[in-house]
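In our numbering, the protein residues as written are 342 to 677.
Have a look at this one:
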């Protein structure tokens, strides 16, 4: 059996594997993640000796194209999405792509192969790109970052599996992945960092991956060694692996407040953050805008998600703060 259907694998994979066990059939699904990039074969075979510390993926070409055009051409989110649709890079209903769910399906498959436990897409924390504003993309550049819809998978006592807009350093290889291209960055215990880059969608890249699976299965059958390699790398997907609750994730944060241009506003914001042990790394405050408000941008040191959420809820209730605060997570530690 060969499929490119990532939603099927991320939602009903256990049932499919059970049926394959009963029938003795093999399963190929290289095309389900990152199109023509052979990342699943790499995880299943070439990197099998490596306990994986981290996987970062730009694995939705539509979202990456939209964010690229917002930065490169200064388009709004809706303008960039319309351009993607006009060029055939986005579906007429792009919900799965811009909501992050397409990437979540793929992240669940990658995590299953990395950790030997079946993960469903519903277990992946997901945020889409529809709330990303062109202002935040410009501020990110000023701070030395680029915004990407990133699938993040981290090992440890509890694993992290999440998909959301993320700021990554401009000098990192992933930040240079533009347009509809995909990339998966892997850190293995022995091999260290490795990145796989290429076209993540389209007829020919998908066909390339599908045919590769067909050829692999045919070769095994000709040699009489059916199912030479388990589809998800592990013979049994029964490892006891827990997912870290999103509230307990620790990372850095970008925050953009819409604040009244009054004395003492910064001290109120910083006081609430400090009360939850959230340390500020840098602040950018631009000139006055309409109705006497100014954008205030803050970058934090590492903090726990729960503390940040509680602090923002309190800050957004201040009478000096306008519409809801923008929050984007930042990844730039541990060897980046």
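Glycine included, C-beta positions come from ideal geometry on N, C-alpha and C. Computed from a prediction, not measured in an experiment: that's the story for all the values here.
Residue 344 sits in coil when the DSSP states are folded into three classes, being neither helix nor strand.
Here residue 666 carries a coil assignment [DSSP, helix/strand/coil]. Residue 499 and residue 603 have their C-alpha atoms spaced approximately 44 angstroms apart. Taking 8 angstroms as the upper bound for CB-CB distance, residue 587 and residue 646 are in contact here, some 6 angstroms apart.
Contact annotation: residue 576 and residue 367 have beta-carbon atoms that are not nearer than 8 angstroms.
Put simply, the backbone Cα of residue 580 is about 16 angstroms away from that of residue 389. Boundaries of the beta strand (DSSP E) around residue 489: 486-495. Within 10 angstroms of the beta-carbon of residue 479 lie fewer than 16 other beta-carbons, which makes it exposed.
At the C-beta level, residue 656 and residue 613 come within 8 angstroms of one another. Under the Cβ criterion (8 angstroms, minimum of three pairs), the segment 428-446 counts as touching the segment 395-405.
The C-beta separation of residue 454 from residue 385 comes to about 6 angstroms, placing the pair in contact by the 8 angstroms criterion. Under DSSP, residue 523 takes part in a beta bridge, and its partners are 539. The residue from 650, 347, 637 and 582 with its alpha-carbon nearest to that of residue 608 is 637.
If you draw a straight line from the Cα of residue 484 to the Cα of residue 611, it comes to about 19 angstroms. Spanning the alpha carbons of residue 418 and residue 347 requires a straight line of approximately 26 angstroms. At the C-beta level, residue 529 and residue 375 stay beyond 8 angstroms of one another.
Residue 601 is bridged by DSSP to 634.
Residue 481 and residue 462 do not touch by the CB rule: their CB atoms are close to 28 angstroms apart, not below 8 angstroms. Counting C-beta atoms within 10 angstroms of its own C-beta, residue 436 has fewer than 16 neighbours from the protein chains shown and is therefore classed as exposed. When rounded, the separation of the alpha-carbon atoms in residue 475 and residue 584 is 33 angstroms. The DSSP-derived three-state label of residue 474 is coil. Short of 8 angstroms from the beta carbon of residue 578, and not among the five residues preceding or following it, lie these beta carbons of its own chain, in chain order: 355, 358, 453, 457, 458 and 459. Taking C-beta atoms as the reference points, residue 537 and residue 399 fail to come closer than 8 angstroms. Counting other Cβ atoms within 10 Å of its Cβ, residue 563 stays below 16 and is therefore classed as exposed. Residue 503: member of the beta strand (DSSP E) spanning 499-510, first to last residue.
Beta bridge pairing from DSSP links residue 363 with no other residue. Excluding residues up to 5 positions away in sequence, 507 and 509 lie with their Cβ nearer than 6 angstroms to the Cβ of residue 672 in the same chain. DSSP places residue 422 inside the alpha helix (DSSP H), whose first and last residues are 418-427. By DSSP's assignment, residue 608 forms no beta bridge with any residue.
For residue 412, same chain residues with a beta-carbon under 6 angstroms away, outside a window of 5 residues either side, are 478 in chain order. For the options 601, 650, 501 and 615, the alpha carbon positioned closest to that of residue 626 is the one of 601. Note on residue 407: 16 or more other CB atoms within 10 angstroms of its CB, so buried under the neighbour-count rule. Judged by DSSP secondary structure, residue 433 falls outside any beta strand (DSSP E); it is assigned neither H nor E. About 6 angstroms separates the Cβ atoms of residue 393 and residue 527, confirming a contact at the 8 angstroms cut-off. From the listed residues 548, 551 and 489, the smallest Cα separation to residue 525 is found for 489. If you draw a straight line from the Cα of residue 516 to the Cα of residue 554, it is about 30 angstroms long.
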